[in-house]
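Here the structure comes first, spelled out in structure tokens, and everything after it is commentary.
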Amino acid sequence: MAITFNPETNIFYLDGKDITYAFYINRVGYVSHLYYGARISHDNLRFFRAPGRSSKTATPPGIDQGGLSYQFFDPELGFYGTSDYREPAVHVQSVEGDRILNLLYDSHEILPEKPAIGGMPSLTGGETLVLHMKDSVSGFGADLYYTVYDDSSVIARRAVYKNGGEHDCRLLRAYSFSMGLPGMDYDVMSLYGAWGCERHIETIPVHHGVVSVDSKRLSSSATLNPFMGLIAKGTTEHHGDAYGISLVYSSSFVLKAEVSMAGETVLTGGINDFDFSWKLGAGECFETPEVVIAYSADGIGGMSRAFHDVFRKHIINPRYVNASRPVVINNWEGTYFNFNTEKLKAIADAAEGTGIDTFVLDDGWFGKRDDATSGLGDWYVNESKLEGGLEAVIDHVHAKGMKFGLWFEPEMVNEDSDLYRAHPDYAIGKPGRPRCYGRHQYMLDLTRADVRDCIVDSVNKMLSRYGIDYVKWDYNRNVTDIYSIGRDADRQMEFAHRYVLGVYDICERIVNANPNVFFEGCAAGGDRFDPAMLYYFPQIWTSDDSDAEERTRIQYGTSIVYPLSAMSCHVSAVPNHQTHRMTPMRTRGDIAHLGATGYELDTTQFTDTDREAVSAQVDEYRKYEHLILGGDLYRIDSPFEGNFFTEMVVSKDKSEAMLLVYRRLSSPNAESKRIKLYGLDKSKTYYIEGLDITAGGDTLIHAGIALKYPKEDYTSAVYHVREVK
Ligand code: DGJ
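Per our numbering, the very first residue in the sequence shown carries number 4; after that it's consecutive.
Shown next as structure tokens:
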């Protein structure tokens, strides 16, 4: 049993792979956090409880112990109205207008398997505790779900809110969890960015008051990823306590760390309550998205590996987790909108024989689309552009033994499209009020079932009519002008959450109807890179910035939460289209191969040397692919901190590894640099191919190796480290 309850102490213990999570029910009925961290035994942890400072605290009715309010406990689910002034997880308004809640323990049950969440992706499997809390006056309740895994060092949590009263109520805030951490010696780590520079790392100390990360964009966003790290002071990449919160959600979110007056850190978050309210009828429930909280005593790297393991084991479709990925040639940067059948065939011809095995036709094949101003929504072939129809390209590609992929942007419409002309009301916006454009397009109102049916029908028709093996699902603008025609005024603020439920619904109906199609996610690069999207799309285009030098930081930051196999990474032409930088082909390959790789350029421009280089690169990628898919990542040098970007990916049995070393700038008289290796078995002996070094794991870990570097900027090398018996 991973979950146990001690009725004498009222303590719940939840044991995962290397973690224990504990909380208890106090005599009033408050559900109070005790501990989350390294695996420990089931002692009576209530000696942990240190009374904090009090200031003008009221005592909830019926509690005749002076000053005893939830405020003095670390909450498992903070609520408002009865003397807890920290950030609540739930804020609810009754039909009379009051917002008073007193949520106390009611009962609990332990389930051998976690029930799925209605309409939202979540981790699969895992033993689950469901704890029922209730406000005895209003009948409002909250069910807290806790799931632990014997193969992963995380706890998954969510809350379900229930209106047990006789009248409607209104959720003003409906977060997924609360959790306490002792003290305030933490830095908050966030992954911030923008288009073309997604998931850069920022850390700031927690402080009295609230530190938060959020999105108000209806996408999980490039601006701030739905992740918050709580990194104990003194923790490094390899040692010390690191916690990470990752929300399995793709719409507007918020995560918060608040230091209370008692000097303790309280975490909470979930669906963003900005521009949110939800009418809950009598007897109705509201499900919140799941939050995955990882812990490691092995530093930030250990926290990342905990996330990588759980997402590979419990969210990415098992069919694809360890399956060899397509190596694509995508025509976007090679042609943009400017192509015809002959050009596409020529690109496929020039890729033949290099090991590239999938041709992906990007934006511009449908409707009347010659640029970004028209065609979105018209998912039928532009025959005047593609002479001979799509069949001519697909047959040509298939005849070469390659697979065929096609780009869609299902959630969007251009004003200049047949779909918009027929159904202008399908677009999000308020009649009579001019709307904002984003990339010349509008978003479709996925809160409406008729709009969703229309999208699903047209995309599925294309997928069943043609031999399409791969889909790239794009999403290129953020929402404005939120208004849904036909929805009651008092439900308009349900939009952000209803929209994403609509996204999940169409993903479900398109992905499930096409089990043999491989789906790649994309959102103008990485604007919707989150665990919920990984449930549908085993890999996601990481960024529209394909410059290898820039990618070192984007991919390093992305790996803080997401496994390498989730990152789609392409080799593109030089000078790079986003930065105009020249980088060597070798480096572009090495950096792109730290993920699900591909090429995005005009292969008809290849010289013989380029072709040979690509062939060799694809061979090398296949040699390391099993490590990229299933290995343990050790980040050694951060490109945010110095001239080097060094990473190792080690097989689970520690019998082999790949070592990638990248140096940004050359200098005539550079200091020497020793690289200590990580993740190897100290008792094994290893051979490093390419360097001709044979040494013990202990020596490689503690003494390290020294490398020579060419006199050139932006160079890299990859070495195979393998056990010798
Ligand atoms: C944004 C994507 O990130 C690109 O890869 C490309 O597919 C374009 N959209 C096409 O419009």
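The C-beta atom is built at its ideal place from N, Cα and C for all residues, glycine as well. No experiment lies behind these values; they were computed from the predicted model shown.
query, result
"Heavy atom of ligand 1 within 6 Å of W753 beta-carbon", "The structure shown does not extend to residue 753, since the chain spans only 4 to 728, so no value can be given for it."
"Given D613 as reference, the closest of I704, S575, L504 once Cα atoms are compared", "S575"
"Residues that DSSP places opposite T271 in a beta bridge", "S181, K259"
"Bounding residues of the beta strand (DSSP E) (the contiguous stretch that carries E336)", "Taken as a continuous stretch (DSSP letters only), E336 belongs to no beta strand (DSSP E), being part of the alpha helix (DSSP H) at 335-338."
"Spatially closest choice to E205 from T590, G560, A265, by CA coordinates", "G560"
"Terminal residues of the beta strand (DSSP E) in which P671 lies", "Here P671 belongs to no beta strand (DSSP E), and DSSP marks it neither H nor E."
"Rounded distance between the beta-carbons of L147 and A162, thought under 8 Å", "6 Å"
"From S110, R725, A300, residue whose alpha carbon lies closest to that of G243", "A300"
"Proximity test, T365 beta-carbon vs ligand 1 heavy atom, cut-off 6 Å", "According to the sequence provided, residue 365 is Asp. The question's Thr does not apply to it. D365: yes, Cβ under 6 Å from ligand 1."
"Closer than 6 Å: W335 CB and nearest ligand 1 heavy atom", "yes"
"Spatial distance of K388 from L364 (CA atoms)", "13 Å"
"DSSP bridge partner residues for L604 (one or two, in chain order)", "Answer is none; L604 lacks a bridge partner."
"Candidates A706, H170, T688, Y717, of which the one nearest K728 by Cα", "T688"
"The segment 480-491 contacting the segment 545-554, beta-carbon criterion three pairs below 8 Å", "no"
"Beta-bridge partners of E650, as assigned by DSSP", "R638, L663"
"One or two residues paired with M570 in a DSSP bridge", "I543"
"Any non-hydrogen atom of ligand 1 within 6 Å of C572 CB", "no"
"Host beta strand (DSSP E) of D109 (start-end)", "107-114"
"Alpha helix (DSSP H) runs contained entirely in the segment 314-356, provided each spans 4 or more residues", "321-324, 335-338, 344-354"
"G528: CB within 6 Å of a non-hydrogen atom of ligand 1", "yes"
"Neighbour-count burial assignment, Y539, 16 or more Cβ in a 10 Å radius", "buried"
"The segment 515-534 contacting the segment 233-240, beta-carbon criterion three pairs below 8 Å", "no"
"CA nearest to the CA of R195, picked from N519, T582, R531", "For the sequence presented, residue 195 should be read as Tyr rather than Arg. Residue R531 is the option with its Cα nearest to Y195."
"Contact under 7 Å by Cβ, I28 with Y108", "yes"
"Delimiting residues of the beta strand (DSSP E) encompassing M446", "444-446"
"K403 and T361 closer than 7 Å at C-beta", "no"
"Where the beta strand (DSSP E) through D456 begins and ends", "No beta strand (DSSP E) contains D456, which is instead part of the alpha helix (DSSP H) from 452-468."
"Span of the beta strand (DSSP E) around A225", "No beta strand (DSSP E) contains A225, which DSSP labels as neither H nor E."
"Start-to-end residues for the beta strand (DSSP E) that takes in A245", "245-250"
"Bridge partner(s) assigned by DSSP for C288", "K165"
"Pair within 7 Å by beta-carbon distance, G100 and S141", "no"
"Closer than 6 Å: C525 CB and nearest ligand 1 heavy atom", "yes"
"Simplified DSSP assignment, three categories, for M264", "coil"
"Among P124, E90, L134, nearest to H111 - alpha-carbon criterion", "L134"
"Check: D381 C-beta below 6 Å from any heavy atom of ligand 1", "no"
"Reduced DSSP secondary structure (H/G/I, E/B, other) of L71", "coil"
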